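Residue numbers (this note's numbering): 3 to 361.
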């Protein structure tokens, strides 16, 4: 009865393919939970995100917590998910519900005639997506809205769950709603420096195997960095060593990457002496761990660079990339200046005349 009570706030739900009544949504939730956790909604405690002062308590017979109010209306999403994490034991589940930015766009454009819906969506884009990301307007936005009806991408929702200690079990879109099941696997990261602006700060492996901060223009949705391991498990590497069909990359991000606009701030890393002009690509810890141990040791002996040997050799697979970097580093250790000059002009030729591009 608890699930029915929570869902009867909306007697019918507008789905992309029609109208589904209350019992249809309840049936979906039960089927989704059973197929991915082995338990129906009867084994889940329902959480009210409006009770900010109270930490949801899980009953002894329960296997998880359901959050059936859309998290688009939660003012402090991570704090809410962190409280849920504290209420669960490792191996127990949490299910959240949201309207993604893509579903929001479809809903708005279908809600009004075209002459109204286009300007309405443009205004919604500015107020709901640009204002929260720009310093001078961010405080005004949250003061006016209290975080209600915010726009959240699927990537951000998945990343927030992972950052709060959950492993992604499954997610499915049904109409305008997306349901995500997470399983608690650890304590939250308590990320106090999550970035939503255009400039992002990424931890990368550098000289002597030490981490340093790389500065780039954002090409992915917020919290994408927490999905690195999840993406590696779900997606294969495409030709060139990048992740295939990486849904974390935004539309403008694909353009920025092709034109290297996103890498312009890395010039600051070069000026600081953390990188050099030509050198191996600075890697995240997850990607770095895909490399053989001998290459890791070689990489630790050189600074990463703005222009990687990839653009000189144009390798296709991860194995070929590893061999390309091995040859570069060995050559560099023998003749640094001559090697970097040669690789720079080889890369320049491929980029200008053969249209080599990053994806």
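Even glycine gets a Cβ: it sits at the ideal position worked out from N, Cα and C.
From a predicted model like this one, the values you see are computed outputs, not experimental measurements.
**Study point:** Cα-Cα separation, residue 34 to residue 111
**Key:** 29 Å
Review point. Going by DSSP, what residues sit across from residue 46 in a beta bridge?
Key: 66
Practice item. Report the three-state DSSP secondary structure of residue 205 (helix, strand or coil). Key: Looking at residue 205 - three-state DSSP - the assignment turns out to be strand.
Exercise for review: Could you tell me whether the segment 338-358 touches the segment 273-284, using the rule of 3 or more Cβ pairs below 8 Å?
Suggested key: yes
Review point. Does the separation of the CB atoms of residue 46 and residue 176 fall below 8 Å?
Key: no
Review point. Run through DSSP, which three-state label would residue 252 get?
Key: coil
Practice item. Please list, in chain order, all residues of the same chain as residue 193 whose beta carbon is under 6 Å from its beta carbon, the five residues on each side excluded. Key: 165
Review point. What residue ranges within the segment 67-120 form continuous beta strand (DSSP E) runs of no fewer than 3 residues, ordered along the chain?
Key: 95-100
Exercise for review: Please specify which runs of the beta strand (DSSP E), each continuous and at least 3 residues long, are wholly inside the segment 265-321, giving them in chain order.
Suggested key: Taking only runs of at least 3 residues, the beta strand (DSSP E) segments lying wholly in the segment 265-321 are 278-280, 307-309.
**Study point:** Spatial neighbours of residue 242 in its chain, beta-carbon cut-off 6 Å, leaving aside the 5 residues before and after
**Key:** Per-residue confidence for residue 242 stands at a pLDDT of 49, beneath the threshold of 50, marking its modelled position as unreliable; the derived number appears in the next sentence. Once the five neighbours on either side are set aside, residue 242 has no close Cβ partner at all.
Practice item. Leaving out five residues on either side along the sequence, give the residues of the same chain with a beta carbon under 7 Å from the beta carbon of residue 217. Key: The answer, listed in chain order, is 201, 203, 267, 268, 270, 271.
Check your understanding: Which residue spans inside the segment 143-183 form an unbroken beta strand (DSSP E) run of at least 3?
Key -> 168-176
**Study point:** Where the beta strand (DSSP E) containing residue 219 begins and where it ends
**Key:** Counting along the chain, the unbroken beta strand (DSSP E) around residue 219 starts and ends at 213-219.
Point to revise | Beta-carbon gap between residue 27 and residue 48 smaller than 8 Å | key: no
Practice item. Below 7 Å CB to CB, which residues in the same chain sit around residue 172 once its five sequence neighbours on both sides are set aside? Key: Taken in chain order, the residues that qualify are 38, 183.
Practice item. Could you check which residue in 286, 209, 132 has the C-alpha nearest to that of residue 153? Key: 132
Review point. Residue 236 bridges to which residues according to DSSP?
Key: DSSP output for residue 236 lists no bridge partner at all.
Practice item. Could you spell out where the alpha helix (DSSP H) holding residue 133 opens and where it closes? Key: Here residue 133 belongs to no alpha helix (DSSP H), and DSSP marks it neither H nor E.
Check your understanding: residue 60 and residue 159: beta carbons closer than 8 Å?
Key -> no
Exercise for review: Can you grab the Cα-Cα spacing for the pair residue 115 / residue 186, in whole Å?
Suggested key: If I take the Cα positions, the gap works out to 44 Å.
Point to revise | Same chain only: Cβ atoms within 8 Å of residue 324, ignoring 5 sequence neighbours per side | key: Leaving aside the five residues that flank residue 324 on each side, the residues in its chain whose CB is nearer than 8 Å to its CB run, in chain order, 293, 294, 297.
Exercise for review: Tell whether a beta-carbon distance below 8 Å holds between residue 157 and residue 229.
Suggested key: yes
Check your understanding: Taking buried to mean at least 16 other C-beta atoms within 10 Å of its own C-beta, is residue 124 buried or exposed?
Key -> exposed
Point to revise | Terminal residues of the alpha helix (DSSP H) in which residue 355 lies | key: It is not in any alpha helix (DSSP H) - residue 355 carries neither H nor E in the DSSP assignment.
**Study point:** Whole-angstrom distance between residue 327 and residue 290, CA atom to CA atom
**Key:** 13 Å
Practice item. Go ahead and pull the three-state DSSP assignment for residue 125. Key: helix
**Study point:** Contact belief for residue 215 with residue 205 at Cβ below 8 Å, rounded distance in angstroms
**Key:** 6 Å
Check your understanding: Among the residues of its own chain, which have a CB less than 7 Å from the CB of residue 354, if the five just before and after it don't count?
Key -> none
Review point. What is the C-beta distance between residue 67 and residue 90, in whole angstroms, given that I count them as a contact (C-beta under 8 Å)?
Key: 7 Å
Exercise for review: Give every residue of the same chain whose Cβ lies closer than 8 Å to the Cβ of residue 211, excluding the five residues on either side of it in the sequence, and list them in chain order.
Suggested key: Excluding the 5 residues flanking it on each side, residue 211 has same chain C-beta neighbours closer than 8 Å at 298, 301, 302, in chain order.
Review point. Rounded to a whole number of angstroms, what is the C-alpha to C-alpha distance between residue 339 and residue 351?
Key: 19 Å
**Study point:** Distance CB(residue 263)-CB(residue 250) smaller than 8 Å
**Key:** no
Exercise for review: Quick one: grab the DSSP three-state call for residue 222.
Suggested key: strand
Point to revise | residue 77 beta carbon less than 8 Å from that of residue 149 | key: yes
Check your understanding: Quick one: is residue 208 buried, meaning 16 or more other Cβ sit within 10 Å of its Cβ, or exposed?
Key -> buried
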